[in-house]
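Enquirer: Sequence lines, in order, name chains A and B. If you're matching positions, the first sequence starts at 1 in my numbering and goes up one per residue. If you're matching positions, the second sequence starts at 1001 in my numbering and goes up one per residue.
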Amino acid sequence: MIVDLRSDTVTRPSAAMRRAMAEAEVGDDVFGDDPTVNRLQARAAELLGFEQALFFPSGTQSNLAEPGDRLELKLERALDSFSMRLKEKR
Amino acid sequence: MIVDLRSDTVTRPSAAMRRAMAEAEVGDDVFGDDPTVNRLQARAAELLGFEQALFFPSGTQSNLAALMSHCGRGDEYLVGQEAHTYRFEAGGGAVLGSIQPQPLANRPDGTLDLAEVEAAIKPDDPHFARTRLLALENTITGRAIPRSYFEKALELAGKKNLSAHLDGARLFNAAVKLEIPAKDLCKGFDSVSVCLSKGLGAPAGTVLLGNPTLIAKARRARKILGGAMRQAGLIAAAGIYALEHNIERLAEDHANAERLANGLRDSGYEVEGPHTNMVFVRISSEKVSALKEILDKEQILVLPGARLRLVTHLDVDAAGIDRAIAAFRSFAAKN
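1. Against chain A, does R1309(B) count as a neighbour if the rule is that its beta carbon must be under 7 Å from one of theirs?
2. Just to confirm my understanding: we take A1020(B), look at its own chain, exclude 5 residues before and 5 after, and list those with CB closer than 6 Å. What are they?
3. Can you tell me whether I2(A) is buried or exposed? The criterion is at least 16 other CB atoms within 10 Å of its CB, across all chains shown.
4. Under the rule that 16 or more other beta-carbon atoms within 10 Å means buried, what is S1163(B), buried or exposed?
5. Taking only runs that begin and end inside the region 1037-1064 of chain B, name each unbroken beta strand (DSSP E) of 3 or more residues, in chain order.
6. Please classify S1191(B) as buried or exposed, where buried requires at least 16 neighbouring CB atoms within 10 angstroms.
7. When burial is assigned at 16 or more other CB atoms within 10 Å of the CB, is V1095(B) buried or exposed?
8. Less than 8 Å between the CB atoms is what I'm expecting for Q1061(B) and R1222(B), so what's the real figure, rounded?
9. Using DSSP bridges, identify the partner residues of M1278(B).
10. List the residues that DSSP assigns as beta-bridge partners of T1206(B).
11. In whole angstroms, what is the alpha-carbon distance linking K1217(B) and S1267(B)?
12. Does the Cβ-Cβ distance between A1202(B) and L1185(B) come in under 7 Å?
13. Which value, in whole angstroms, describes the spacing of the CA atoms of N1256(B) and I1321(B)?
14. The region 1234-1246 of chain B: which residues have C-beta closer than 7 Å to a C-beta of chain A, in chain order?
15. Note down, in chain order, each residue of its chain lying with its Cβ closer than 8 Å to the Cβ of L1047(B), except the 5 sequence neighbours on either side.
16. Out of I1215(B), T1276(B), E1179(B), I1224(B), point me to the one whose CA is closest to Q1052(B)'s CA.
17. Going by DSSP, name the residue or residues bridged to G1397(B).
18. Output yes or no for whether 7 Å exceeds the beta carbon distance between P1035(B) and G1227(B).
19. Between the region 1268-1280 of chain B and the region 1301-1316 of chain B, do at least 3 Cβ pairs fall closer than 8 Å?
20. Would you say V26(A) faces chain B, with C-beta separation under 7 Å as the test?
21. Can you have a look at N1106(B) and say buried or exposed, based on whether 16 or more other CB atoms are within 10 angstroms of its CB?
22. Contact check, N1335(B) vs K1287(B) under 8 Å by CB: the rounded distance?
23. When the Cα atoms are used, what is the spatial distance from I1180(B) to E1023(B)?
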């Protein structure tokens, strides 16, 4: 059994998390049609006290997203703290 | 039951694909530790005749990483006006790559006039951006372009020291339509981007193919663009499943597109195509919203426009096509 202390990015999804993924209702999120993505965004925004949230494939990309206006900047911060929060919970 | 003709991106993973995802062995792909991502990359490379492949969350990012791998700041790529890499990727090459696009008109068959391509290559002179890359696409707006065209295009690129990139988001639609191996359509290109999410039905993901030098650059670009993911094997498993099960069946989508085109022509519509899995219908602009209303009522989803694009895919069967035809026909009868 490996003890992997390289990073907290190495965690693998648990059986329960895999089940939630396997059963997720999906749609085309580019059309705004994915109910699970919409649910995650609504939940994260509510949890962290923001009006909106936006789901990204990575934190690098979320940080990079052009902070051209206040809303986007807020979104980045929201997601940053959300991913931190998730890591704390693990 | 909704018949969704907006795009082939709307497909949902089947129960068997979900099972493959749920059972996927995973690791941290940024450390190169994800066995399923590694397996997908090896399989795609072997299938398409390249040394290496790299998994991306999206085709837009894969294309952009390819542009950034071939071209540096102040370089230029030659590309069609209708090309996804030029028109539909929010100008990413210019915005994030500092790469100048040189767009050229696509001819009615989707190809670029190679004499125009040659004329657009800039001389080595500080007035001009350095022309580095020819970016082509197959299929383009559904049209499958035969290999003979690419032979000539690649010969020109070689003669002029340009690299060549193929946006093969729907490469397998072209291969099935032209009845030649996908590998043969890729031959001679320095990089090819292939979508796993459109006709092939995976929920997300694209593979970029190239030699180890190209892929090393693309990996760096992917990190900059935020496309490096951790336990990405969960999505890659869907990609493997798609490559194993969903290529040959694209012929059904093409048959359904033909059924749709014939039905709409018979109902009096001005129809272009089918081009592989796409059909285009001319609707006079004042009728578009009334048509949309009728289609919505019948749960036929389309992206409204005067040149209406209808796309078939693995979540639409012949019965769904017949329902769509019936809805269009009833609109034509009343209008």
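For each residue, glycine too, the CB sits at the ideal point set by N, CA and C.
Expert: With the structure as the only source:
1. For the purposes of this step, residue 1309(B) is taken as the residue at position 309 of the second sequence. R1309(B) does not count as touching chain A.
2. Here residue 1020(B) refers to the residue found at position 20 of the second sequence. Within the same chain, A1020(B) has close Cβ partners A1237, Y1241.
3. Position 2 of the first sequence holds residue 2(A). The residue is exposed, with fewer than 16 neighbouring Cβ atoms inside 10 Å.
4. As a position in the second sequence, residue 1163(B) is number 163, starting the count at 1. Classification of S1163(B): buried, given that the 10 Å Cβ count is 16 or more.
5. 1052-1056
6. Sequence index remark: in the second sequence, residue 1191(B) carries index 191 (1-based). The residue in question, S1191(B), is buried, as its Cβ has 16 or more Cβ neighbours within 10 Å.
7. Taking the second sequence and counting its residues from 1, the one referred to as residue 1095(B) is at position 95. V1095(B) is exposed by the Cβ-count criterion.
8. Position 61 of the second sequence, counted from the start, is the residue given in the question as residue 1061(B). Position 222 of the second sequence, counted from the start, is the residue given in the question as residue 1222(B). Going by Cβ atoms, the distance from Q1061(B) to R1222(B) rounds to 7 Å, so yes, they are a contact pair.
9. In the second sequence, the residue the question calls residue 1278(B) occupies position 278. Per DSSP, H1275(B), V1311(B).
10. Translated into the one-based positions of the second sequence, residue 1206(B) becomes position 206. Its beta-bridge partners are F1056(B), C1195(B).
11. Translated into positions along the second sequence, residue 1217(B) becomes position 217. Translated into positions along the second sequence, residue 1267(B) becomes position 267. Cα-Cα distance, rounded: 52 Å.
12. As a first step, residue 1202(B) is located in the second sequence; it is residue number 202 there, counting from the start. As a first step, residue 1185(B) is located in the second sequence; it is residue number 185 there, counting from the start. No, the Cβ-Cβ distance between A1202(B) and L1185(B) is not below 7 Å.
13. Stepping through the second sequence from its first residue, residue 1256(B) is reached at position 256. Stepping through the second sequence from its first residue, residue 1321(B) is reached at position 321. Cα to Cα, the separation comes out at about 7 Å.
14. L1234
15. Counting from one through the second sequence, the residue named residue 1047(B) turns up at place 47. Answer for L1047(B): A1182, K1183, L1243, listed in chain order.
16. Counting from one through the second sequence, the residue named residue 1052(B) turns up at place 52. Closest by alpha carbon: I1215(B).
17. It is not possible to answer for residue 1397(B), since the shown part of chain B is limited to 1001 through 1335.
18. Working through the second sequence from its first residue, we reach residue 1035(B) at position 35. Working through the second sequence from its first residue, we reach residue 1227(B) at position 227. Against a cut-off of 7 Å, the Cβ pair of G1227(B) and P1035(B) comes out as no contact.
19. yes
20. Here residue 26(A) is taken as the residue at index 26 of the first sequence, counted from 1. Cβ-Cβ to chain B under 7 Å: yes for V26(A).
21. Here the question's residue 1106(B) lines up with position 106 in the second sequence. Buried, because 16 or more other Cβ atoms sit within 10 Å of the Cβ of N1106(B).
22. Taking the second sequence and counting its residues from 1, the one referred to as residue 1335(B) is at position 335. Taking the second sequence and counting its residues from 1, the one referred to as residue 1287(B) is at position 287. Confirmed, about 6 Å.
23. Translated into positions along the second sequence, residue 1180(B) becomes position 180. Translated into positions along the second sequence, residue 1023(B) becomes position 23. Approximately 33 Å between the Cα atoms of the pair.
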